[in-house]
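Following the numbering used here, the numbering of the sequence shown begins with 87 at its first residue and continues without gaps. Heads up, the beta-carbon is just placed ideally off N, CA and C, and yes, glycines get one too. In this text, all values refer to a predicted model and were calculated from it rather than measured experimentally.
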Amino acid sequence: YPLSIQSTQSYNDNLLLAYLLNYGGGLVGGDCIDIQVSVSDSKALALHATASTKVYKQGDAVDPSSQSMTAIITNNALLAVLPEPVVCFKDSRYRQKQVFQLHNGSLVFLDWYLCGRSSLGERWQFQEYESVTEIYQDNILIIKDCWRLDNTFMDLASRMEPFECYCNLFLIGERVQESIKRIQQLTTKLNRNQSHVLLWACSPIEGGLVVRGCSQDTIMMREWLQ
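Printed below as a string of structure tokens:
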């Protein structure tokens with residue numbers, strides 16, 4: 087509690103698909119989730135979620151809601167972490183950190199969040215959002231990416247509007263090279279048609295790729311990611 091992990095039946099012994107489920111549909115102030123993952127020996131693990139990670143109003147809790155993940159991927163294994171976006175409600179506080187250790191392993195990780203419950207008029211009204219991603223290759227830090235949004239020190243709406251969805255997609259390792267090539271070819275073609283509604287950029291790194299995007303429409307972002 088407050089997390090459940092459920093796996094599905096797979097017809098491939100080298101692949102496991104699992105879903106991360108939050109009891110009660112989300113996190114309240116003080117909730118702390120710590121996930122440890124290990125994938126090895128040419129296996130593949132895909133972690134998904136059935137719904138967005140909802141972060142409720144902070145209330146009287148001293149500590150913010152938080153999640154952390156530490157993953158070790160070795161011996162030609164593949165880990166794909168593809169959750170639904172984080173949705174921070176008005177006056178909520180949320181922090182997450184994910185550390186990936188690659189030793190001849192491959193990784194796909196999607197990190198994305200929304201402005202809040204926009205259908206209720208809540209846009210960038212949470213107190214705090216933080217996400218830190220560290221990726222190591224053979225114990226050498228190759229990526230450290232940080233999001234830090236705090237309404238205490240800045241008016242988030244004035245800085246983040248008109249967009250309501252932001253994302254980072256990380257792809258690293260031998261087993262995702264074909265995907266990297268396809269994404270680079272596709273984005274090169276689509277770059278001619280970028281609009282103010284959806285923006286993206288690709289940043290090649292050694293052995294991998296980082297794709298960053300923002301959109302005024304969450305459905306459009308989802309379709310673009312797919």
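Per DSSP, reduced to three states, the secondary structure at V114 is coil, with no helix or strand assignment. Less than 8 Å divides the Cβ of G294 from the Cβ of I266. By a beta-carbon distance limit of 8 Å, Y222 does not contact C300. Their separation comes to about 27 Å. About 11 Å separates the Cβ atoms of A157 and L164, ruling out a contact at the 8 Å cut-off. Taking a cut-off of 8 Å on C-beta distances, the region 134 to 146 touches the region 164 to 178, as three or more cross pairs fall below it. For the pair F212 and N225, the Cα-to-Cα distance works out to about 35 Å. Considering only T274, S126, G202 and N108, the residue with the shortest C-alpha distance to D120 is N108. Secondary structure at W310: helix, using DSSP grouped into helix, strand and coil. DSSP places M246 in the uninterrupted alpha helix (DSSP H) bounded by L242 to M246. In this structure, I291 keeps its C-beta atom at 8 Å or more from the C-beta atom of L193. Annotated three-state conformation of V262 is helix, per DSSP.
Around I228, the same chain offers I221 as residues with beta carbons nearer than 6 Å, after the five sequence neighbours per side are excluded. Residue F249 holds the alpha-carbon nearest to the alpha-carbon of L285 among L106, C201, S244 and F249. By the CB criterion at 8 Å, S152 and C174 fall outside the cutoff. Cβ contact annotation for L235 (same chain, cutoff 6 Å, sequence separation greater than five): Y215 and L242, in chain order. Rounded to whole angstroms, the Cβ separation of E170 and A132 is 14 Å, and the two are not in contact under 8 Å. Beta-bridge partners assigned by DSSP to R181: S152 and E216. With at least 16 other beta carbons inside 10 angstroms of its own, D197 counts as buried. Following the DSSP letters along the chain, one finds K230 inside the beta strand (DSSP E) bounded by residues I226 to D236. In the DSSP assignment, W198 falls within the unbroken beta strand (DSSP E) covering S192 to L200.
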